[in-house]
Structures are given as structure tokens and as C-alpha cells.
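Report on one structure; see the data block that follows.
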Amino acid sequence: MYNVVELKNWKNEEVDGIFIALFEDDKHWPESLNEVDASIDGTLKQMLKEARFHGKFKSVFSFHTLGKLKAKKVYIVGVGKRSEIDDEQIRSAFATLSKKIHADQLQSVAVILDSFVHEENEEHYGYLLSEAIELTSYKVAHYKEKDNQVEKSLERVTIFTNGSEQPLLEELHAGKVYGGGTNLARALVNTPGNLLTPTDLAESAKEIAERHGMEIDILEREDMEKLGMGALLAVAQGSEQPPKMIVMKYQGKKEWNDVLAFVGKGLTFDSGGISIKPGANMHEMKMDMGGAAAVLGAMDIIGQMKPETNVLAVIPSSENLLNGLAMKPGDVITSLSGKTIEVRNTDAEGRLILADGVTYAKHLGASYLVDVATLTGAVIIALGEYTTGAVTNNEELMEKLLYSAYDSGEWVWRLPSFEPYRKMLQTSDVADLNNSPGRPGGSITAGLFIGEFAGDTPWVHLDIAGTAWSSKGTETGPKGGTGAMARTLATLAEQFDK
Ligand code: BES
Ligand code: MN
Ligand code: ZN
20 MYNVVELKNW KNEEVDGIFI ALFEDDKHWP ESLNEVDASI DGTLKQMLKE ARFHGKFKSV
80 FSFHTLGKLK AKKVYIVGVG KRSEIDDEQI RSAFATLSKK IHADQLQSVA VILDSFVHEE
140 NEEHYGYLLS EAIELTSYKV AHYKEKDNQV EKSLERVTIF TNGSEQPLLE ELHAGKVYGG
200 GTNLARALVN TPGNLLTPTD LAESAKEIAE RHGMEIDILE REDMEKLGMG ALLAVAQGSE
260 QPPKMIVMKY QGKKEWNDVL AFVGKGLTFD SGGISIKPGA NMHEMKMDMG GAAAVLGAMD
320 IIGQMKPETN VLAVIPSSEN LLNGLAMKPG DVITSLSGKT IEVRNTDAEG RLILADGVTY
380 AKHLGASYLV DVATLTGAVI IALGEYTTGA VTNNEELMEK LLYSAYDSGE WVWRLPSFEP
440 YRKMLQTSDV ADLNNSPGRP GGSITAGLFI GEFAGDTPWV HLDIAGTAWS SKGTETGPKG
500 GTGAMARTLA TLAEQFDK
């Protein structure tokens, strides 16, 4: 889909649209814009003046060339002030550009990449561009009788630059891969609970593993019983749908050591169980497998980028429903680790299935643990929809993850986890741990609950209850599943030893 051509040849390109950047505070236009102006008899200045277009951030001015250029339309993309430019601003500019491509159903486009580039790192801009194009192409699948009109979709993107071709092509490819993995995660999150049961989630994982030649193993209920995964089984016993423990392995090193493990919450529908949730918006609890989606999205990316890191993916998957066998408040269960848990609230089920997920990951050789989960409503109160909350027992791993998040354009913020929070978990008279120690600090205690099972293994917990789902839509995607943390996890795997 992408090809790279020398900058000076841009006028020969027959395309539906050509995109050129304009910085708000530049005294001089980029050469390509001067050339556009010349080809339309020097009328561009007047047109822009009349439209009051000055290159303001996120604005676009477009016009038909009426045969005066080989491109059918010219799009001038406002990038804002050069003096304020950073990756975030460029991401937004490329999102604006990409949304135009899709909205106008352009099938072939040209981008004067060098007009966007602020410093000498075209390759990185290539990455940001193709990622934005991929991310903004995503549409939520629907099941209406009338199909969506089949839209024309983008087939060809020609990048014009003075930069070198090969590294740029690689980055363009990487951006597409990262965007694609994120879209995969979004699609899983958006799938209704009846169409994405734990069995279906395991099928999706199998597909991904087969696509990239990864090892995959899926534990059934009987296997869990033999191993003693009492926490996952307790959650699953209230549902007719069989639970699954999904395990995937990507071996990026000669030896299976230094294993980075991703543990994702795969709760395909959370009713709350006997501690049932209120009815309003309960339908959105189909998104409670957002952690699993992030891990699978990351594995899809990792399978293509092939980093030299060993990655283990563990996804405990179940529904949280209520039948005559369902776990009850007051029940005491024994987890795979041997620690006992008093179930004070059946709606605090995520930490139960993750307890066994984390323990199992350690059994399989995890040296580092990152768990990802739509774990608490409290994190939405604390951080809103835009920032993922983190809890850790290891500064170094936390820092690595924060860098990966930054490089991925995702926001993560660390929550405090001082000793008194941990003590709050030891408030059961009958078991080692209380699964629901109350509302204050709810996201912290939930994270630390999982940390009890991580033990001394370096561990970071990511609560994506706020970020996995967007109520209004994001800059690059529609409302619903966002694919949060798929890119951060994949980036962490890519940068892990560096
Ligand atoms: N899946 C929910 C958390 C959640 C809430 C995700 C809102 C997305 C949006 C989780 O299983 C849950 O129910 N948590 C409880 C814990 C409480 C009972 C200690 C919560 O946050 O209310
Ligand atoms: Mn719950
Ligand atoms: Zn849940």
C-alpha cells in the first residue's frame, strides 16, 4: 500500500488527493505549496486568505485542482505552531489528515512528508502517519439488517520525501502493524458477550497464534481442577460457559529465559454475580475482557515485529454470572497459589481470575509480570477515560513501561501503594485475603491484591477500566473499544532489552 518517491517528483503523481502541511508560525511556505500556487496562477494566497486559513492546529483546507495538477484535490493540513511541535501534536495532525482520507473516501493519496517534518526524523513521521491511517480506518461492526454501504477504501499511499527509502518503508510498515493490532483489540472489546464467550476468545487467540507461528495452550475446566485454580473456577462456576486459561508463547531468544509475561483479564461479561450490578449500562460490561484484548493485540503486533524478547501471554477467561451454583459473598476459596480468599463481593471477580493467571504465569517461568485489566470503577473516578492507572512493586519495570507508554502515545499514571493499603487486604477473619476491602483507594487495593500473587517477581498492574472504552470516541477512533495498551505492551516487548 505504501511507496516512497523522491520529493521533486510529486507533481507527476495521479492521485485522488495530495496532502501538504502548513505550520501556523512559518514565514515561508514549503516549496511544494509554492509550486501548487504557481500551478493555479498564484491564486492560493487569496483563497487561503478568504478562508481565513492560517495553518491552525487540526484545521484542513482543501480544493479541487480542476485538472491544473495531476492530483484531483489538494489538502492543506494545519499543524499548528512549529515552536510547539511534539509527537503528540504530529499524531493529532496525522489523525486529522487520515480522517479526511477516510471521510472523502480517497483511494489513492500522496503525502508531502517533508512538509510535516520538523526535525531530521522522517522515518518516525512515517510510523506516526501509517499508524494514524490504520487507526482511523477502524469501524465498529454492527449486526443491522441493512448493511453499511460498501465504501471505497484507501489502496495506495505515496510518500514524497528527500529522506532514504528503506528505513522509511520499514517504519511505515511498523505503524500499520501497530495500528492493526490496536484495531484487533478494539474489535474484540466491541464484540457482544453472546458472540465472544471464553470459548470464542480462545478461538481468536488460536487464530493469532497460528498466524504468527506461536505456541498456544488452552486449559479446560478439568485441567484447572487438577491444578487447583480455585479462584478462576469460583468465578466460572456461576456460568454455563466453560472457562478457559489461554496461554501463548512467543520465543524471541534462543533460550526460554528472561520471560516477559502479559496477563490479561478476559471476563467476557460481568454482571457482578450475586453482588449484581445495577441495570443501567450493564450492557457495556461486554468490555470486561479489555485486558485480554490488549494482550492479544500486542501479541499480534509482536508476531509481526519479531522482537528479541521472550513473551508469555496468559489470559484467564470466564463470565461472571449468577446461577444456583454461583459463588456467594462470604465464600472462602483457595487460589492456585494456596492463598485463601474470602469473597466479600462477587463483583470483585477480576482480581480473582487474575490471581490464578499471575500464579500460573509464574509457574510457566515468568520473570517479569504486567497484568492488564478493566479492574475497577474507582480508576474512572480517579483518572477518567484518558489515563491508565498503574500499581507496581518494581521501580525499574515501572519506568520501562512508562517510557513504552510515552512512545506509544498512551497515558499511564502510577498510583501510590504504601504499606497501609496492603494491610487493607488482610481484613478477613477467615481467609488470607479479603477481595473487597471497601471503596477508599479501591483501584490501589485491587491492584495490590494481584500484587500479593506476583510476590517478589517484578510486576506492573495496569487498570484500564477507564481507558479501554470511550464514551464519546477518541481522536483516532469511534466510541466503544479503544484498544488501550496494545501498543504500549508491544512497545515494551520491543524495547525490553534496550
Ligand atoms: N469490571 C468491573 C470494573 C469496571 C467498572 C470496568 C466500570 C469497566 C467499567 C469490575 O469487575 C468490578 O465490578 N469492580 C468493582 C469492584 C468492587 C466490587 C470492589 C467496582 O469497581 O465497583
Ligand atoms: Mn465485577
Ligand atoms: Zn469485572
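The sequence shown finishes on residue 517 if you use my numbering, and the numbering steps up by one all the way, no holes. Where is the CB? At the ideal position from N, CA and C, for every residue including glycine.
Residue i versus residue j - alpha carbon distance
i    : j    : result
P497 : A450 : 44 Å
S386 : V410 : 17 Å
T501 : Y425 : 17 Å
V351 : N300 : 30 Å
G249 : E229 : 30 Å
R370 : I131 : 49 Å
W488 : E404 : 8 Å
N453 : E361 : 5 Å
M20  : G457 : 53 Å
G349 : K442 : 19 Å
L88  : D60  : 12 Å
E189 : N202 : 20 Å
G470 : E153 : 35 Å
Y144 : L388 : 31 Å
K30  : E174 : 19 Å
E142 : E103 : 20 Å
F179 : L511 : 31 Å
G182 : S51  : 16 Å
E164 : V208 : 22 Å
Endpoints, alpha helix (DSSP H) assigned at residue i
i    : result
N329 : N329 -> not in any alpha helix (DSSP H); beta strand (DSSP E) instead, spanning 329-339.
E50  : 50-58
H73  : Here H73 belongs to no alpha helix (DSSP H), and DSSP marks it neither H nor E.
D106 : 106-122
S81  : Looking at the DSSP string, S81 is not in any alpha helix (DSSP H); the run it does join, the beta strand (DSSP E), is 79-83.
E438 : 438-442
Top-ranked residue by Cα proximity to residue i, from the options
i    : options                : result
V24  : V278, D307, T507, V176 : V176
M324 : S102, W275, T476, V196 : V196
W432 : P348, L331, T486       : T486
E13  : A224, P262, M243       : There is no way to answer for residue 13, as the model of the chain reaches only from 20 to 517.
V254 : I237, L52, M346        : M346
D35  : S81, G74, L67          : S81
H47  : S58, L331, Y94, S134   : S134
Q445 : P49, R363, H382        : R363
A122 : K171, L85, E138        : K171
E513 : K419, T62, K77, S447   : K419
E274 : N329, E259, I237       : N329
Y440 : L467, L421, D448, E415 : L467
D56  : F76, H83, N181, P262   : H83
M264 : G271, G257, M243       : M243
F515 : S258, L416, N412       : L416
A484 : G499, T495, K358, L421 : G499
S354 : D475, G376, L340, R506 : G376
Expected contact under 8 Å - CB spacing of residue i and residue j to nearest Å
i    : j    : result
A90  : A129 : 6 Å
V278 : G384 : 5 Å
D307 : F288 : 7 Å
G309 : A465 : No, G309 and A465 are not in contact; Cβ-Cβ is about 15 Å, not under 8 Å.
M18  : M318 : Only positions 20 to 517 of the chain appear in the structure, and residue 18 is not among them; the question remains open.
G200 : I320 : 4 Å
T378 : D482 : In fact, because the Cβ distance is near 19 Å, the residues do not count as touching under 8 Å.
A204 : G316 : 3 Å
L508 : A221 : With 8 Å as the limit, L508 and A221 do not qualify as a contact, their Cβ atoms being about 19 Å apart.
E368 : L252 : In fact, because the Cβ distance is near 12 Å, the residues do not count as touching under 8 Å.
G461 : A397 : 3 Å
T115 : V96  : 6 Å
Simplified DSSP assignment, three categories, for residue i
i    : result
A299 : coil
A388 : Looking at the sequence provided, one finds Leu at residue 388 rather than Ala. Strand at L388.
F472 : helix
Y405 : coil
N181 : coil
D236 : strand
V449 : coil
K305 : helix
9 Å Cβ cutoff, residue i in contact with chain B
i    : result
H192 : Chain labels in this structure do not include chain B; a single protein chain is all it has.
Unbroken beta strand (DSSP E) run spanning residue i, endpoints
i    : result
K144 : Rather than Lys, the amino acid found at residue 144 in this sequence is Tyr. That residue, Y144, is in no beta strand (DSSP E); its alpha helix (DSSP H) goes 141-155.
A129 : 127-131
V282 : 278-283
G97  : 92-99
T361 : Inspection of the sequence shows that residue 361 is occupied by Glu rather than by Thr. Unbroken beta strand (DSSP E) run through E361: 359-361.
I37  : 36-42
H480 : 478-482
M417 : Here M417 belongs to no beta strand (DSSP E); instead the alpha helix (DSSP H) covers 414-427.
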